[in-house]
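This report refers to the structure that appears directly beneath it.
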Amino acid sequence: MTEETPGFDEKPDVPSGATADDAAETAAPSEKEGPAAPAGDAEKTAGLTAELDQARSALAERTADLQRLQAEYQNYRRRVERDRVTVKEIATATLLSELLPVLDDIGRARDHGELVGGFKSVAESLETAVAKMGLQQFGKEGEPFDPTIHEALMHSYAPDVTETTCVAVLQPGYRIGERTIRPARVAVAEPQPGAGPAAKEGDESDGGEETGGREADGEESGGPDKG
Numbered sequence: 023m024t025e026e027t028p029g030f031d032e033k034p035d036v037p038s039g040a041t042a043d044d045a046a047e048t049a050a051p052s053e054k055e056g057p058a059a060p061a062g063d064a065e066k067t068a069g070l071t072a073e074l075d076q077a078r079s080a081l082a083e084r085t086a087d088l089q090r091l092q093a094e095y096q097n098y099r100r101r102v103e104r105d106r107v108t109v110k111e112i113a114t115a116t117l118l119s120e121l122l123p124v125l126d127d128i129g130r131a132r133d134h135g136e137l138v139g140g141f142k143s144v145a146e147s148l149e150t151a152v153a154k155m156g157l158q159q160f161g162k163e164g165e166p167f168d169p170t171i172h173e174a175l176m177h178s179y180a181p182d183v184t185e186t187t188c189v190a191v192l193q194p195g196y197r198i199g200e201r202t203i204r205p206a207r208v209a210v211a212e213p214q215p216g217a218g219p220a221a222k223e224g225d226e227s228d229g230g231e232e233t234g235g236r237e238a239d240g241e242e243s244g245g246p247d248k249g
């Protein structure tokens, strides 16, 4: 048996006739393989960068989709709220339209002094309730005629008006906010055709006659004084 000599490291076999340089290359192979590592790291970094770019692109697309969905949802909520308010106004106007004849009867009873006792209490409660629902009454005598809120049932001429005027309210009008439920039904009067100029000419002629009369009286009264 061959005994190993302690204290000596085993060296690789070197072919006979090899030079010292060949032995050094054989003894240190790791030094040749070292430079290959940075190339692999660069490829790995490039791959990670590409994956990161794809992730960022996907995130941007998902963010844009989320923003678009959020905008559509907000528009939907506003449209639903607007429709809900419109439906409520229409339903309220329909209900109050059915109560207008009752309110007309209450108004006529009040004008004739018949709104007394328990009937008066019930009538006032009903008027308070419809007022809370937004019902407003309009139409007064003496206000200018407006075809958008007035309905003329009677027409006449009057010398004491300068424009088309409501001279009598036959039925009051009602509105809810800006929505007119029923126009005020009125009797209107217009200025008489040619009344203004004729009256002016009459005033001038009357003034001239009075002046002439005064001048004649002065002449008559001045006669005896001169004599």
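Take 23 as the starting number for the sequence shown in the working numbering and just add one per residue.
A virtual CB, placed ideally from N, CA and C, is assigned to each residue, including glycine.
Under the DSSP assignment, residue 141 falls outside any beta strand (DSSP E), being part of the alpha helix (DSSP H) whose first and last residues are 139 to 154. By the Cβ rule, the segment 67 to 86 does not count as touching the segment 152 to 171, because fewer than three pairs are nearer than 8 Å.
Secondary structure note for residue 214: it is in no beta strand (DSSP E), with a DSSP letter that is neither H nor E. Residue 128 is classed as buried because its beta carbon has at least 16 other beta carbons within 10 Å across all chains shown. Between residue 156 and residue 199, the beta carbon gap of about 6 Å places them in contact (Cβ cut-off 8 Å). Taking 8 Å as the cut-off, the Cβ atoms of residue 206 and residue 190 do not count as close. When the beta-carbon positions are compared, residue 187 and residue 151 stay at least 8 Å from each other. In this structure, residue 158 places its C-beta atom within 8 Å of the C-beta atom of residue 197.
With contacts defined by Cβ atoms closer than 8 Å, residue 213 and residue 184 form a contacting pair. Per DSSP, the unbroken beta strand (DSSP E) holding residue 198 starts and ends at 195 to 198.
A straight line joining the alpha-carbon of residue 195 with that of residue 126 spans about 10 Å.
Bridge pairing for residue 95: absent [DSSP]. Residue 122 sits away from residue 131, with the two beta carbons spaced by 8 Å or more.
In the DSSP annotation of this structure, the continuous segment of the beta strand (DSSP E) that includes residue 203 starts and ends at 201 to 204. Contact annotation: residue 115 and residue 201 have beta-carbon atoms nearer than 8 Å. Straight-line spacing of the CA atoms in residue 112 and residue 100 works out to 18 Å.
Between residue 95 and residue 119, the alpha-carbon positions lie close to 36 Å from each other. Here the alpha carbon of residue 63 sits roughly 18 Å from the alpha carbon of residue 75. Of the residues assessed, residue 141 falls on the exposed side of the cut-off, its CB having fewer than 16 other CB atoms within 10 angstroms. Per DSSP, residue 134 lies in no beta strand (DSSP E) segment and is marked neither H nor E.
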